[in-house]
Amino acid sequence: MLAHELGHCVVARSVGIDVIAVRLYLLGGVSELAAGPRTARDEALAAAAGPAVSGLLAGGFWLALQPTTGGTVGWLILLLLALSNMIIAVFNLLPALPLDGGRVIRAGIWGLSGSRRAGTVAAAIGGYLLAAALVGWAVVMLINGGSAALLPAGIAVAMAAFVAVGVISERGDPDPFDPTCWPAGIPIGSVARPVVRLATDTPVQAALDASTRGAVLLVQTDGIARGVLDEAAARSLAARDPAAPASLVARPITPAAIVLDGDDPDDLLARARAAVVDPFVLVDDAGTPTGVIGAADLLAVPQPNHRRSQKKTIGRKNG
1015 MLAHELGHCV VARSVGIDVI AVRLYLLGGV SELAAGPRTA RDEALAAAAG PAVSGLLAGG
1075 FWLALQPTTG GTVGWLILLL LALSNMIIAV FNLLPALPLD GGRVIRAGIW GLSGSRRAGT
1135 VAAAIGGYLL AAALVGWAVV MLINGGSAAL LPAGIAVAMA AFVAVGVISE RGDPDPFDPT
1195 CWPAGIPIGS VARPVVRLAT DTPVQAALDA STRGAVLLVQ TDGIARGVLD EAAARSLAAR
1255 DPAAPASLVA RPITPAAIVL DGDDPDDLLA RARAAVVDPF VLVDDAGTPT GVIGAADLLA
1315 VPQPNHRRSQ KKTIGRKNG
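Each residue of the sequence shown is one higher than the one before, counting from 1015 in our numbering.
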């Protein structure tokens, strides 16, 4: 399972997504990423990597099994390793969230329709159907096997619960009237501060003075942005040494911090709430920074009171 999750991590990093952690549970594992995939291709590649690793392991153990004497302890261990990895690969390829097959399905629909949300809904339906099938399988085992089937039936029910909870957490299709989600019609770029570009060796006091005109982006001599000025840290440093280079109090720009105006704003909200990234750097199609968005600025956009009243109005209309 660890090898399976590391497969996801390697491919995620290769497409520019930072990995926060890998968590292993009794019934599976999760790779926690700092950001969602930017394209359907990236999602499909990252999702398929885990089953691919498990499939390769299964094949490798199967090949190692062939010259081994049947019935020995070594033969049994290799057989179980081959079978367990094959089960992990096949099960994860089922077209249902939160499994990898569900993510591949989502990526496929996203690529064809241009809507990631449509792909999520289809894969989530698959997840609910899989959970129901697992519960049904548990019932059939109990009817046919009685008390002897308690353990496998319990495992099936636990897997159904794992899948159902995973669907809910992976759904990514927020209620349009949920007061915590991004309001329709407001582009991400509308909350960005303009960028003021300064050299990395600019004195911190001068950088602070420039921050009144926008977020200070510290740029190296080769034109590559090194970081965003941390204004609170800059004030502290300027009080001690106003001539110190501003680069000492710059927040680095990681791949997870890069934002396009067409990105899913609800994904950005989730990352801002989790304090995974702060600030975000808005770039244009050419990759040029055009603005800086603080996590607090993102969290200030939803308007709970307005959206609750809107929900009541539409509820009456449909009722």
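Glycine included, C-beta positions come from ideal geometry on N, C-alpha and C.
The model shown is predicted, which means the values in this text are computed figures rather than measured ones.
| said: Less than 7 Å between C-beta atoms, sequence neighbours within five positions excluded: which residues of the same chain meet that for L1350? | reply: For the chain, the structure presents residues 1015 to 1333; residue 1350 sits outside this window and is missing.
| field | Secondary structure of A1264, DSSP reduced to three states | value | Strand at A1264.
| said: At the level of alpha carbons, what is the spacing between P1217 and P1259? | reply: Straight-line Cα distance between these residues: approximately 5 Å.
| field | Supposed close pair L1251, R1240 - CB separation, criterion 8 Å | value | About 16 Å separates the beta carbons of L1251 and R1240, which is beyond the 8 Å limit, so they are not a contact pair.
| query | Would you call the segment 1118-1134 and the segment 1144-1157 in contact, with 3 or more CB pairs under 8 Å? | reply | Contact between the segment 1118-1134 and the segment 1144-1157 is absent, because fewer than three Cβ pairs lie under 8 Å.
| Per DSSP, what kind of secondary structure is V1315 in: helix, strand or coil? | In the three-state reduction of the DSSP assignment, V1315 falls in the coil class.
| request: Name, in chain order, the residues that DSSP records as bridge partners for Y1039. | output: Beta-bridge pairing links Y1039 to G1042.
| query | How big is the Cα-Cα spacing for A1026 and V1295? | reply | Near 20 Å, if we compare the C-alpha coordinates of V1295 and A1026.
| said: Rounded to whole angstroms, what is the Cα-Cα separation between D1032 and V1154? | reply: So the two alpha carbons sit approximately 43 Å from each other.
| field | D1292 beta carbon less than 9 Å from that of G1308 | value | Annotated as proximal: G1308 and D1292, with beta-carbon spacing under 9 Å.
| Start-end ranges of the alpha helix (DSSP H) lying completely within the segment 1117-1197, minimum 4 residues | Counting whole runs of 4 or more residues, the segment 1117-1197 contains the alpha helix (DSSP H) stretches 1130-1159 and 1164-1184.
| query | Where in the segment 1271-1314 do unbroken runs of the alpha helix (DSSP H), each at least 4 residues long, occur, reported from the N-terminal end onward? | reply | The segment 1271-1314 contains these whole alpha helix (DSSP H) runs: 1279-1287 and 1309-1313.
| Quick one: is S1028 buried, meaning 16 or more other Cβ sit within 10 Å of its Cβ, or exposed? | If you draw a 10 Å sphere on the C-beta of S1028, you find fewer than 16 other C-beta atoms in it, and that means exposed.
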